[in-house]
Amino acid sequence: MKIHNLSRRRFLQGSAAVGASGLLLGCSNSLPRKTVTSGATAPTGEMHEWLFIGTDNTIIMTNPQTEMGQGVNTSLPQLLAEELDADWQTLQVRQAPLDSKFNSTMMAQMTGGSLAVQNYYHTLRAIGAGARQMILKAAAAQLGTNVSQLSTRNAQVIYQQQSYPYGQFADAAASLPVPDMEQLTYKKPSNYTLIGKPLPHRDTLDRITGKAQFGIDVQVPNLLNAAIIHAPVFGTRPIQWNEQAALAVKGVKKVIPMEHALMVVAEKYWQAKKAINLLQARFSAYDSDLPGLNSEEIEQAYEAALNDEGRAKIDAAHIIDVEYKVPFLAHATMEPMNATAWVQADRVDLWIPSQSQTIAASHTKAITGFDDQQIHIHNTLMGGGFGRRGEGDFVAEAVIASMVMQQPVKVIWSREEDIQHDMYRPAVISRFQVGLDTHFKPVAWHNQLVSSSVLRRLIPTFTPDFLDWVATPLTYMMGDMIVTDGATRSAYLADDKQPQTTALIVDTNVPVGPWRSVSFSSNCFFTESVIDEAALLAQQDPYQYRSNLMQQTPREKAVLDAVAQYANWGETPAGQFQGIAVAFAFQSYTAMVVDIGLVDHIITIHKVTCAVDCGKVINPNGARAQLEGGINFALSAAMFGEITIADGHVVQGNFHDYPQLRLAQSPVIEVFLVPSGDQPTGLGEVGVPPLAPALCNALAAAGQPRIRSLPLSNHGYQLA
Amino acid sequence: MLTLNINGENLRLEVDADTPLLWAIREEAGLTGTKFGCDIGQCGACTVLINGNAVRSCTITASAVQGMAIETIESLASDGTLNAVQQAWLEYDVPQCGYCQSGQIMAATAMVRRAKIAGKTIPEVPLAQLDNICRCGTYNRIRPALNRAFDLAYEA
């Protein structure tokens, strides 16, 4: 990685800029995917540099990742502020505009994959350390001393008990050569005041006083508001509607027919919403060649694929031959999809709660023909993301609306639209044929899983158009490595053996996409249930059975052993039962024990114990929050989460028929962080995968029939 | 046109008689702390207080609450001092995305005030009364924060 001083160029260019100057430095990563800059010219609006230090000591950091509740507005600034010795209380954080220099390892500005801290751990610390080093050098010259005589604290240079704000040296620092990466000195971890500390989220005060600005709260002058209904059956078109009835509603400006939707634009959202209900729209009939008319048809298509594939030939002392399945799931973020766009002759402004500036821009470019420099993205806080807000569909609609109206337009989806026009966690059927030797040790592991392809749906949004025609056919040859995530390795097989996993792709008319923890959400349920079946068949303790088999995976074994110890495994009072599960996902290891009581089919969850090894922990408070949240998110899905299809459309439409966990149902959760090494690994999604299998394994421990499909409500179970 | 008393102020608002209170608050009074979540009274993101009672403002028309005292999240902190529930939420760092938290805090505020008037402590108040949905799953912090809010309210 190399650091460049961009200040001079910016100073020359910025002669008309009002206000402070200051330090502007940047560095280019040795990885070609990223160019890092930081700078200082009192930026208003978009900040394309990573760091600004004003002469008035204003310090602003651009956050390359977007905040959706996962805490990146806190954890990522901790990295930079630690090495810079910034003042945590006055440090300002802005969300990145559209600019490929902020790209993640997904080759896009994309917040997902539990990658935020992993991706920017080195970059943000380097920027902080580099800036501090330049400030120190400038300060030494001005104060007539050596850098070795100086120290720093809270954005102040300390010299002979005197404090001098960084801003005082920002201009001088800007004229200095930038240190090489190799010359950067980093703090000793024992001197950390931010990294590793359980800091509260930076946005909490705004979030408890109603001041936090989400996408739905955006206000711009002359803003129009729109409601939308999509063709209920995926891919069909509006063919008839009562435009006059809608236009008769006060405030309504226009009915915009779109390819697969109808939009009503009005002065106020409520006017548009009222009018859209009067459209009495009719839509074209289901005309897809793909299965998707109803859930049964999809399941039959899945089963047909399994039958075509045939069973594995397996020879072992004991054989487990079972089939598991999970349903489609919607994201149901608390803030329904929405976007605000203003398309003008030479620019478009987007105010969007988005996980991906790149994808929002690619949709915008396709509609407007504008280039990146003309697209100005103002990312707002998000009322949840969970993968849904990495899509661009909701952005495209606002762009079209603004082009038609030649005014800024905010489009807000109803909850029904949000649930019925999602990109769903795929339904999956997974067949296992597992061979055990005479000691009940797994010696063969055949797994054939049927899913629609998440990868194939994502390709057009991630690859340039000219590559689509290559990329999509490639998936037919190479398969979809996304849907097998979590199914291709096993800690329970001897090291000369691998799971024989085959993904059978059956695309349906139901669009699919990443849903918090993606395929780990289904594959971990399957594999950790199957290994539990093996343990019970062996009449062995499910924890001991797992632990004994884990000879090659010390970190996985460590979290498993830790969770068993913390949960007092095997020491339950009468009437309580425990289930255990472990996952390796997003480079982290997560193990859970669920303690339940059971009366008839009413489940009382006494406790969920969770042990996580996510490498180095940057913020234990945020880490715990993510695990608690992931567990509750997974519990909703395990208990009641199911999207079904009838007559080509999604049956569920709101929280009455797509229920979510509530406070009284939420279990006590104990999280234990088991850090290892000095590199952070994934965290935001790792709380999800082990919950469902640990819960179902607890039911098996209670003597209940093995649960091989979710949700549990379909088996008559309820939460107390 | 109708007049609503929101956060102690009488506001003349240009809303139709059938406009839900939620949208009158958000679009006419310009108070966006009250959130839209489901429009059918299921999730509680739009919870406000009407004459001290927690009400899901998507399910009631603006015209039905004329002359009543409407409180939104923006009114809870006075002179920069958080109310007991907000203070407890701050101490436990409850929010993740925060979208549901205005509604959670309004509903909890009604619970705490009512219990205080009735002289009840939290063990006597069923937690299920706070049944707003949080998709981030912040319940494990809401629970102790709610306890703390009761304590703070009694101390006050």
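Residue numbers (my numbering), protein chains in the order written: chain B, 303 to 1022; chain U, 2 to 157. No residue lacks a Cβ here, since even glycine has one placed at the ideal position from N, Cα and C. These numbers come from a predicted model, not from an experiment.
Cross-strand partners of residue i (DSSP beta bridge)
{"i": "B/Tyr466", "result": "B/Val459"}
{"i": "B/Gly1052", "result": "For chain B, the structure presents residues 303 to 1022; residue 1052 of chain B sits outside this window and is missing."}
{"i": "B/Gln867", "result": "B/Gln867 is not bridged to any residue."}
{"i": "B/Lys439", "result": "Answer is none; B/Lys439 lacks a bridge partner."}
{"i": "B/His908", "result": "Note: B/His908 sits in no beta bridge, so no partner."}
{"i": "B/Trp644", "result": "B/Asp651"}
{"i": "B/Val449", "result": "Its beta-bridge partners do not exist; DSSP assigns none."}
{"i": "B/Phe974", "result": "B/Ala913"}
{"i": "B/His620", "result": "B/Leu738"}
{"i": "U/Thr82", "result": "U/Ser79"}
{"i": "B/Tyr891", "result": "B/Phe886, B/Asp915"}
Top-ranked residue by Cα proximity to residue i, from the options
{"i": "B/Asn1016", "options": "B/Val701, B/Leu851, B/Ala607, B/Val628", "result": "B/Val628"}
{"i": "B/Leu963", "options": "U/Asn133, U/Gly120, U/Leu23", "result": "U/Asn133"}
{"i": "B/Glu599", "options": "B/His951, B/Met409, B/Pro961", "result": "B/His951"}
{"i": "U/Ala18", "options": "U/Gly38, U/Cys44, U/Ile61", "result": "U/Ile61"}
{"i": "B/Pro744", "options": "B/Thr790, B/Thr660, B/Ala840", "result": "B/Ala840"}
{"i": "B/Ser1011", "options": "B/Phe630, B/Pro775, B/Leu985", "result": "B/Phe630"}
{"i": "B/His620", "options": "B/Val901, B/Trp747, B/Ala936, B/Pro992", "result": "B/Trp747"}
{"i": "U/Ser76", "options": "U/Gln87, U/Gly68, U/Val66", "result": "U/Gln87"}
{"i": "B/Gly979", "options": "B/Ala887, B/Pro491, B/Phe354, B/Gln464", "result": "B/Pro491"}
{"i": "B/Gln846", "options": "B/Tyr794, B/His424, B/Cys998, B/Asn456", "result": "B/Tyr794"}
{"i": "B/Ser477", "options": "B/Asn448, B/Ala443, B/Arg455", "result": "B/Ala443"}
{"i": "B/Tyr1023", "options": "B/Thr392, B/Met707, B/Leu1001, B/Leu381", "result": "Within the shown structure, residues of chain B are numbered from 303 to 1022, placing residue 1023 of chain B beyond reach of any answer."}
{"i": "B/Ala893", "options": "B/Val861, B/Val901, B/Ile905, B/Gln878", "result": "B/Val861"}
{"i": "B/Val901", "options": "B/Ala1022, B/Gly986, B/Pro856", "result": "B/Ala1022"}
{"i": "B/Leu965", "options": "U/Pro145, U/Asp152, U/Glu156, U/Ala157", "result": "U/Pro145"}
{"i": "B/Val374", "options": "B/Val480, B/Val395, B/Glu384, B/Asp389", "result": "B/Val395"}
{"i": "U/Thr82", "options": "B/Asn365, B/Gly356, B/Leu507", "result": "B/Leu507"}
{"i": "B/His424", "options": "B/Ser704, B/Gln659, B/Ala398, B/Tyr488", "result": "B/Tyr488"}
Cβ neighbour criterion (16 or more within 10 Å) applied to residue i
{"i": "B/Ala475", "result": "buried"}
{"i": "B/Thr740", "result": "exposed"}
{"i": "B/Leu851", "result": "buried"}
{"i": "B/His723", "result": "buried"}
{"i": "B/Gly924", "result": "buried"}
{"i": "U/Lys36", "result": "buried"}
{"i": "B/Gln639", "result": "This sequence places Met at residue 639 of chain B; Gln is not what is there. With 16 or more Cβ atoms within 10 Å of its Cβ, B/Met639 is classed as buried."}
{"i": "B/His532", "result": "buried"}
{"i": "U/Asp13", "result": "It should be noted that the sequence gives Arg, not Asp, for residue 13 of chain U. It is exposed - the Cβ of U/Arg13 has fewer than 16 other Cβ atoms within 10 Å."}
{"i": "B/His503", "result": "buried"}
{"i": "B/Arg455", "result": "exposed"}
{"i": "B/Met409", "result": "exposed"}
{"i": "U/Asn141", "result": "buried"}
{"i": "B/Trp903", "result": "Residue identity check: residue 903 of chain B is His in the sequence provided, not Trp. By the 10 Å Cβ count, B/His903 comes out exposed."}
{"i": "B/Thr682", "result": "buried"}
{"i": "B/Gly446", "result": "exposed"}
{"i": "B/Val970", "result": "exposed"}
Residue-level contact to chain B via CB, residue i, 7 Å cutoff
{"i": "U/Tyr93", "result": "no"}
{"i": "U/Thr110", "result": "no"}
{"i": "U/Pro96", "result": "yes"}
{"i": "U/Gln67", "result": "no"}
{"i": "U/Thr33", "result": "yes"}
{"i": "U/Tyr155", "result": "no"}
{"i": "U/Ser159", "result": "Residue 159 of chain U lies beyond the range of chain U shown here (2 to 157); nothing can be said about it."}
{"i": "U/Glu75", "result": "yes"}
7 Å Cβ cutoff, residue i in contact with chain U
{"i": "B/Asp724", "result": "no"}
{"i": "B/Ala1004", "result": "no"}
{"i": "B/Arg311", "result": "Reliability of the predicted coordinates at B/Arg311 is poor, the pLDDT of 32 falling under 50, and the value obtained from them is presented with this limitation in mind. Judged by the 7 Å Cβ criterion, B/Arg311 is not in contact with chain U."}
{"i": "B/His680", "result": "no"}
{"i": "B/Ala587", "result": "no"}
{"i": "B/Gln968", "result": "The residue you asked about is not Gln; residue 968 of chain B is Ser in the sequence shown. With 7 Å as the cut-off, B/Ser968 counts as an interface residue toward chain U."}
{"i": "B/Glu930", "result": "yes"}
Taking only beta carbons into account, state which residues of the segment 941-956 of chain B come closer than 9 Å to chain U, listed in chain order.
For the segment 941-956 of chain B, the set of positions with a beta-carbon nearer than 9 Å to some beta-carbon of chain U reads Asn956 in chain order.
At a Cβ cut of 8 Å, what residues of the segment 133-147 of chain U count as close to chain B, listed as they run along the chain?
Taking 8 Å as the Cβ-Cβ cut-off, the segment 133-147 of chain U approaches chain B at Asn133, Ile134, Cys135, Arg136, Cys137, Gly138, Thr139, Tyr140, Asn141, Arg142, Ile143, Arg144, given in chain order.
Using a Cβ-Cβ cut-off of less than 9 Å, give me the residues of the segment 19-31 of chain U that come near chain B, in sequence order.
So the list reads Asp19, Thr20, Pro21, Leu23, Trp24, Ala25, Arg27, Glu28, Glu29, Gly31, given in the order they occur along the chain.
For the segment 520-545 of chain B, list every residue whose C-beta sits within 7 Å of some C-beta in chain U, in sequence order.
Flagged: no residues at all.
To be precise: take each residue of the segment 363-380 of chain B, compare its Cβ to all Cβ atoms of chain U, and keep it if any distance is under 9 Å. Which residues remain?
Residues passing the 9 Å Cβ filter: Glu369, Met370, Gly371, Gln372, Gly373.
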